[in-house]
Structures are given as structure tokens and as C-alpha cells.
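Trainee:
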DNA sequence: CTGAAATCTCAAAGCGTTTTAAAATCTGCC
DNA sequence: GGCAGATTTTAAAACGCTTTGAGATTTCAG
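Protein chains in written order, with the working numbering: chain A, 9 to 350; chain B, 9 to 350.
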């Protein structure tokens, strides 16, 4: 059933039917009812491609996910973020389009999405410092919102980020208050903007208390379980091991816990651990006291908001870019305690 | 730059240019070269909507992800599966479209995708027994491939599944061979087809060795960390606790480990654990002996294959449905050992 | 009644492709 | 030089919608 057939059935022109369906004012209320009823009855929905061709918009939003061929890593955060964004899209009548591409082809992917008119805008994931995608997208004139930020670039674009510097500063201060002096940082890849900000917060807290950050206590890498495990073991086996770990992801924190267990150390007593917690749905521990003390910020909620920001931006292209900074919550769990006496 | 402008620049008709670009034989080789060069130079790519409208296909594949409003869970497997499928789509020039919808709206989502012509086919995720989506899609005449299977339905549709019954049977036998007699099963939600098959395999192995499956040793639920933790604690606190756990997901297995640790039990010595491992990229433990003994099957690889099956199906609609059954590998790690003497 | 304003409806032109049916151009052979 | 047949190119018609500009019809003040 297409528009032509539907209007024939109703003895109306395609124009009138189209207007009735799209809520234009110049159609009598009774006619509109009749059209809406018939559309419902005949199960009519406008063809998306034809509509898109006529209106020049696709009502779709792209997410380009670069996969490095070296470390076939899918960010564990991805699923929850997508779920959040997807909720918003469903609500607003947008489609979500995901392109999984090799790292080096990301730029070409954006160009292609734009030129072929496949999407009305894109979300930028995992920004690095001076991320080249941002000027590229500005140049392409393709609306976008960044999940995160890219230091080093003019801030004239829309983004939503967690206050990473602040939250890691607070977490470090919390450990310092508990008497810890040797605090290790297991961070994400240095190139990622969020990792740099977290490190800055960590180092700031230390220097403000007169402690010189020890580069040997800072490890960064892909945030896997194994990275947490190996990183922790390596540091624990030093002559002067850390008494506390600040970890950038829940998954790596699980690796740290495994390392502690293996060395016969009790988490929260012998060694303290704070992790960043993206509130992933499959890691929620229910109502009781959480296992890990953490800086907590729901990535799903971020997805919801980022999607909404982009939709707003598409519908009002001339509005100034919007920036949102979320504060992470410090949740005290059972993985932290006073520093053991030396 | 559109086709009209491009052909004007070349002093050719749109037809010729279109044919040259799409590899039709009735165009002189020299002309084709000229066209291809110009397309490259002027950065021309055909508008996807217009092309779709003309050809009647969207070159997009839909994934409907139902989110239950009760337990806002995103399957942790999702990310890796999508990454695998996305690789195939990129290679074959398809777009991937994801719809996140409330559980009850899944049916309407499929109908809408079909009627609006948004996708050429869909992947069905997480099938249940007698899953109503399968007859629905057959009825809608929308090509689909199921990741998993739905027992109870005529098998005249395409699917790719892991041999869940067999792999859990083997895992159970492995534990029996190690002398375990009280083996608990921490399974996924009973309604899920894969969970039923795993249970069948587990019970089959037990009965074949003359052991009556104890329903009290079977727990099923959403496969979170907390579920593994609580389930294990509950069973461990019985007068006759299990000496081994068979767990349906890596994440829940981490919860089991936490429970063991809390009760002062050594995994692999006091209590054995086998988990199913979907080879999620962020849980790979590198080259060393894996922490968990597991039944292993890469869900990412499944994604790649399922996507290819669907693309094949779309291009050859009259070919008979295809079925693929993958065997999981039993990988022995450090979480299993001989049953302790009573 | 009349004529202007307000309301409703319509035919037709676009959106950027593919594809059909037909026309133009070439090739080789008598 | 002319003609059949093959090769290459073309104009125009879809595809299914929105939107423009204009034509009907109704309403109502004067």
C-alpha cells in the first residue's frame, strides 16, 4: 500500500493525504480523521527512502566505531551507550546506523556517510587529543556531537563529557585522606583524551599534598581484565609496592582483584582500590554495599543525552553548540580502607 | 555533485554514466575509465536514498534489540556480536541499523522496518522457545537469520547456533571425570532457548552416569555478576554444598569467584568452576593458561557468519534456508581440579 | 447579492537514481 | 556505397514521497 493507492481509496489527492498525515493545518479536521483511520486500517506507512528523497533528510544518525586491526577490542562501554542513545532515537523517530570500520578508514567512512546522504548527523566516540575527526566534520558540514572532548581544539563544537579530571582528583584525595601515599594509576590508553584528563586529576591531587607523582606508578593500556591483572602484579612485586590502585575501568579492576587474590592480599584491607564505574547494566551489584569504591557515572544516560543533543542540533542548525559536563559520583564500597601501617 | 551534474561535465547521458559506474557491460571500456576517473576527481558517490528508491532495496540490515523495561539489561555479548557483523557489512557494502525497543514493541518494530522499506533483512537475537518472531517474519516475508535457535518450531528457517547442549554435556562429563558429584548449574533465563539446551546437556550427562539432577542445584536468571555471586553463596551455604559450578557466562563466573573468595574457598582446589566463554574481546586473558576452564566459542565470529548468511539469503531468496551449528571448544584453565575428598 | 477573504483540495514538478525502449553510431562484408 | 548486425548512447519513464502554485469551494461583511 503506497500513498497513491491510499489516496485512490479515499478519493482524495496525494497532496491532501500527505498533508493530513503530516499534520499540516490546511486540511479539515474531519478529512484528517478519515485519512488517519484509513492509514491505520490499510496498514500504511510512508516509504522511508521516498520520504527521505523528497525531504532531503534521512532521519538516521550514524555511529562510526573504529576497530583497530592490532587489538580487536570492542569497548565494553559500547553496548550500554548504544542502548541509551537508541532509546532516544526510538522516541524521536530516528534510526541508528552503526559503521564498524578499520581505524584508518574512519575518515573515509564519515565522508561517505555524508556524500551518500545516509545520515543527518553523527556521534563521535572515544575522542583523542587534537582529534582530527572534529575539524573534518566541521569541514564536511555534517552535524555531530562528541561523547567526550578533545583537548587542544577550539571548543566551538558540541560535546558531553564526564568531569574526568575532577573525579580522579577527588578519588585520589579520598585515598590520601585514608593515609595512602603510594597510589598507582592503571589508566586507559594515553592517546585517549579521557585518560589524559584522569591522569591530570590524579597528579594534581598528589602534588597539592606535596607528593611527587612517580611515573613508575602510572600504567596505561587497553582496559581489559588482563591489563588490570598484569599491571597490578607488576607493581605489587616491586620492593615498595603501592598500597592503593586507581583504576580506569571496572573490567580492569576485576583484573586487579584477581592479582590481589593471587598474592594473598585482601582488597580493602591490605590494598585499596578505586575504579571508575560506567554503571554498565550487567555489572550492577544490586542494593547492597558495592564491591568497589568508585567514581560513578552512567554511560547509558550519557548515550540518551548525547543523542538528544544531536537531534536538537539537527533541527536547529543555527543554535550555538552545546556543552554538557557531568559530575561523577564518588561511591564508597568495600574496596577501600585506611592505609596499612608500614 | 549528483549524477546529472557529473554526466553534464562528461558530455554523456545519465544512463551511460550510471551504467559505467555500476559495471554494466554495454559501455565501452574507454568511456568507463573516463567516467570512473571523473567520479573520483569530483568526489561523486550516488545518493543512497535515490538509489534505494530506484532499485527497491535499502542495502541495510536491521537488528532489533528488545530491552525489557523491568531489568534494563544490555546483553554484554551484544558489543562483540555487533562488531563481528559490522565487519561483514562493511566488506559487503551494507549498512547496519539498530533499533532499541521496549520488549512488547519488538513485533511492531519489525513490521515498521518492513513496511517503510528501511531494511532488506533482519537478524533475530536471543530467540526463546517457540519464539513468535519467527513466524511473524516468515509471514512478513522479510528475510532473516536467527542467532541461536527456537525449539518447538519447524526448522525451515536459517539459523546459526552453538551446540549448547553438547558443550554443556561435555563440560559436565569433564567435572564428573574429575570426581565431582554435586554439580550446580547457574544458567541464563529459562525462557531463552540456549539456556534450555544447556540445561538439557547438563542433565543428560548426569543421568547417563546415574546421578539424579537435583532441581535445587539449578538456578537461572539474568546473567549478571550479582547473579553469579548470590547464586553461589546461596548454594555454598547449604549443608551439602556443590563441589563444582557450571556457569552460563563469564560475567556470572566472576561473581561466583567473588563468592568463593568471600567464603575462603580456593577456586580450582576446593571448588571447581566451568563457564561458557563467548571470547569477548575485553576478557581475553592473553597467552597464558586461562583463569577459567570454559566452553569457548567466539560470538564475534558468530556475528561475522550470521551477517554473511543473511546477505547471501537476500541475494538468493530462493535458496533453501541454511543452518550452521558451531561446536564450542573445551578449554582447560585453572578453575577446575579433582573433587575434594568428602 | 456581490466580492473578498478564508478554507480546502488538486495537478504537477521536483528529489537523484535505475532501467526500458529506442535511436545513433560503428563495423565489416558484399 | 549500402546494409545487416553489433555496439554504444540516449531520452524518458519509473520509484514514492513532499511541496508549490493555483484552482475550487465556503464564509461572511457590506
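We put the CB at the ideal spot given by N, CA and C, even for glycine.
For residue 98 of chain B, return the contacting residues in chain A, with the cut-off set at a CB-CB distance below 9 Å.
Mentor: Reading the second chain from its first residue, position 90 is the one you call residue 98 of chain B. 107, 108, 109, 110, 113, 117, listed in chain order.
Trainee: Excluding sequence positions up to five away, which residues of its chain have a Cβ less than 7 Å from the Cβ of residue 256 of chain A?
Mentor: Start at 1 with the first residue of the first chain, and residue 256 of chain A comes out as number 248. Hits under 7 Å: 194, 195, 196, 203, 206, 231, 284.
Trainee: Assign residue 53 of chain B to one of three DSSP states: helix, strand, or coil.
Mentor: Position 45 of the second chain, counting from 1, holds the residue named residue 53 of chain B. Of the three classes helix, strand and coil, the one that applies to residue 53 of chain B here is coil, per DSSP.
Trainee: What span of residues does the alpha helix (DSSP H) with residue 239 of chain A cover, start to end?
Mentor: For the purposes of this step, residue 239 of chain A is taken as residue 231 along the first chain, with counting starting at 1. Where residue 239 of chain A is concerned, the enclosing alpha helix (DSSP H) stretches over 233-244.
Trainee: Tell me the rounded alpha-carbon separation between residue 56 of chain A and residue 106 of chain B.
Mentor: Against the first chain, residue 56 of chain A aligns to sequence position 48. Against the second chain, residue 106 of chain B aligns to sequence position 98. Looking at the two C-alpha atoms, the distance is approximately 16 Å.
Trainee: Using DSSP's beta-bridge definition, name the partner residues of residue 319 of chain B.
Mentor: Translated into the one-based positions of the second chain, residue 319 of chain B becomes position 311. Per DSSP, none; premise fails for residue 319 of chain B.
Trainee: For residue 275 of chain A, count neighbouring Cβ atoms within 10 angstroms of its own Cβ and tell me buried if that reaches 16, exposed if not.
Mentor: In the first chain, residue 275 of chain A corresponds to position 267, counting from 1. Buried.
Trainee: Could you check the C-alpha separation between residue 142 of chain A and residue 124 of chain A for me, to the nearest Å?
Mentor: Counting from one through the first chain, the residue named residue 142 of chain A turns up at place 134. Counting from one through the first chain, the residue named residue 124 of chain A turns up at place 116. Approximately 20 Å between the Cα atoms of the pair.
Trainee: How many angstroms separate the CA atom of residue 310 of chain A from the CA atom of residue 176 of chain B?
Mentor: Translated into positions along the first chain, residue 310 of chain A becomes position 302. Translated into positions along the second chain, residue 176 of chain B becomes position 168. Roughly 38 Å between the two C-alpha positions.
Trainee: According to DSSP, which residues form a beta bridge with residue 253 of chain B?
Mentor: The residue given as residue 253 of chain B occupies position 245 in the second chain. B:192, B:281, per the DSSP bridge assignment.
Trainee: Looking at residue 172 of chain B: is its Cβ nearer than 8 Å to the Cβ of residue 134 of chain B?
Mentor: Looking up residue 172 of chain B in the second chain gives position 164. Looking up residue 134 of chain B in the second chain gives position 126. No; because the gap between Cβ atoms is not below 8 Å, this pair is not in contact.
Trainee: Please list the segments of the alpha helix (DSSP H) lying wholly inside the segment 86-165 of chain B, counting only runs of 4 or more residues, in order along the chain.
Mentor: List check, alpha helix (DSSP H) in window: 86-100, 114-123, 141-148.
Trainee: If you follow the alpha helix (DSSP H) that residue 21 of chain B is in, where does it begin and where does it stop?
Mentor: In the second chain, residue 21 of chain B corresponds to position 13, counting from 1. Run containing residue 21 of chain B: none; DSSP gives neither H nor E here.
Trainee: What residue range is occupied by the uninterrupted alpha helix (DSSP H) comprising residue 229 of chain B?
Mentor: Taking the second chain and counting its residues from 1, the one referred to as residue 229 of chain B is at position 221. Unbroken run through residue 229 of chain B: none, as it is neither H nor E.
Trainee: Is the separation between the beta-carbon of residue 168 of chain A and that of residue 314 of chain A shorter than 8 Å?
Mentor: As a working mapping, residue 168 of chain A is identified with position 160 in the first chain. As a working mapping, residue 314 of chain A is identified with position 306 in the first chain. Contact: yes.
Trainee: Can you tell me which of A:236, A:244, A:188, A:200 puts its alpha carbon nearest to the alpha carbon of residue 219 of chain A?
Mentor: One-based indexing of the first chain puts residue 219 of chain A at position 211. When only C-alpha atoms are compared, the closest one is A:188.
Trainee: Reducing DSSP to helix, strand and coil, say where residue 248 of chain A ends up.
Mentor: Mapped onto the first chain, residue 248 of chain A falls at position 240. If DSSP states are grouped into helix, strand and coil, residue 248 of chain A belongs with coil.
Trainee: Beta-carbon within less than 7 Å of residue 42 of chain A's beta-carbon, same chain only, minus the 5 sequence neighbours each way: which residues are those?
Mentor: Sequence index remark: in the first chain, residue 42 of chain A carries index 34 (1-based). Contacts found: 18.
Trainee: With a cut-off of 8 Å on the beta carbons, I'd call residue 301 of chain A and residue 282 of chain A a contact; round off their distance for me.
Mentor: The count along the first chain starts at 1 and reaches residue 301 of chain A at position 293. The count along the first chain starts at 1 and reaches residue 282 of chain A at position 274. With 8 Å as the limit, residue 301 of chain A and residue 282 of chain A qualify as a contact, their Cβ atoms being about 5 Å apart.
Trainee: List, in chain order, every chain B residue whose beta-carbon is nearer than 7 Å to that of residue 126 of chain A.
Mentor: To locate residue 126 of chain A, count along the first chain from 1; it is residue 118. In chain order: 56, 103.
Trainee: Tell me which same chain residues have a C-beta within less than 7 Å of the C-beta of residue 271 of chain A, skipping the five on either side of it?
Mentor: The count along the first chain starts at 1 and reaches residue 271 of chain A at position 263. If we look at residue 271 of chain A and ignore the five residues flanking it on each side, its Cβ neighbours are 244.
Trainee: Are the segment 24-35 of chain B and the segment 321-338 of chain A touching, with three or more C-beta to C-beta distances below 8 Å?
Mentor: They do not touch, by the three-pair rule.
Trainee: List the residues of chain A whose Cβ lies closer than 7 Å to the Cβ of residue 343 of chain B, in chain order.
Mentor: Within the second chain, the letter at position 335 stands for residue 343 of chain B. The contacting residues do not exist; residue 343 of chain B stays about 11 Å from chain A at best.
Trainee: Spell out the partners DSSP gives residue 73 of chain B in its beta bridges.
Mentor: As a working mapping, residue 73 of chain B is identified with position 65 in the second chain. Partner(s): B:108.
Trainee: If you draw a straight line from the C-alpha of residue 316 of chain B to the C-alpha of residue 63 of chain B, how long is it?
Mentor: Indexing the second chain from 1 puts residue 316 of chain B at position 308. Indexing the second chain from 1 puts residue 63 of chain B at position 55. So the alpha carbons of these two residues sit roughly 21 Å apart.
Trainee: Please confirm if residue 226 of chain B has its CB atom under 8 Å from at least one CB of chain A.
Mentor: Indexing the second chain from 1 puts residue 226 of chain B at position 218. No - not a single Cβ of chain A is within 8 Å of the one on residue 226 of chain B.
Trainee: Would residue 186 of chain A and residue 280 of chain A qualify as a contact pair, given that the criterion is a beta-carbon distance under 8 Å?
Mentor: Residue numbering aside, residue 186 of chain A sits at position 178 when the first chain is read from its first letter. Residue numbering aside, residue 280 of chain A sits at position 272 when the first chain is read from its first letter. Yes. Within cutoff.
Trainee: Can you list, in chain order, the residues of its chain with a C-beta nearer than 6 Å to that of residue 121 of chain A? Leave out the 5 residues immediately preceding and following it.
Mentor: Here residue 121 of chain A corresponds to residue number 113 of the first chain, with the count starting at 1. Correct list, in chain order: 70, 127.
Trainee: Applying a beta-carbon distance threshold of less than 7 Å, which residues of chain B neighbour residue 88 of chain A?
Mentor: Mapped onto the first chain, residue 88 of chain A falls at position 80. Under the 7 Å cutoff, chain B gives 82.
Trainee: Going straight from the alpha carbon of residue 152 of chain A to that of residue 114 of chain B, what length do you get?
Mentor: If you number the first chain from 1, residue 152 of chain A lands on position 144. If you number the second chain from 1, residue 114 of chain B lands on position 106. One C-alpha to the other measures close to 29 Å.
Trainee: Hey, out of B:265, B:132, B:241, B:343, whose CA is closest to residue 158 of chain B's CA?
Mentor: Working through the second chain from its first residue, we reach residue 158 of chain B at position 150. Measuring from the Cα of residue 158 of chain B, the nearest candidate turns out to be B:132.
Trainee: For residue 118 of chain B, is the classification buried or exposed, using 16 other Cβ atoms within 10 angstroms of its Cβ as the cut-off for buried?
Mentor: The residue you call residue 118 of chain B lines up with position 110 of the second chain. With 16 or more other Cβ atoms within 10 Å, it is buried.
Trainee: For residue 259 of chain B, return the contacting residues in chain A, with the cut-off set at a CB-CB distance below 7 Å.
Mentor: In the second chain, counting from the first residue as 1, residue 259 of chain B sits at position 251. Those are 290, listed as they occur along chain A.
Trainee: To the nearest whole angstrom, what separates the beta carbons of residue 225 of chain A and residue 258 of chain A, a pair I think is in contact under 8 Å?
Mentor: Within the first chain, residue 225 of chain A is the residue found at index 217, counting from 1. Within the first chain, residue 258 of chain A is the residue found at index 250, counting from 1. That belief does not hold up - the Cβ atoms of residue 225 of chain A and residue 258 of chain A are roughly 21 Å apart, past 8 Å.
Trainee: With distances taken between CB atoms, is the gap from residue 305 of chain A to residue 154 of chain A smaller than 8 Å?
Mentor: Within the first chain, residue 305 of chain A is the residue found at index 297, counting from 1. Within the first chain, residue 154 of chain A is the residue found at index 146, counting from 1. No; because the gap between Cβ atoms is not below 8 Å, this pair is not in contact.
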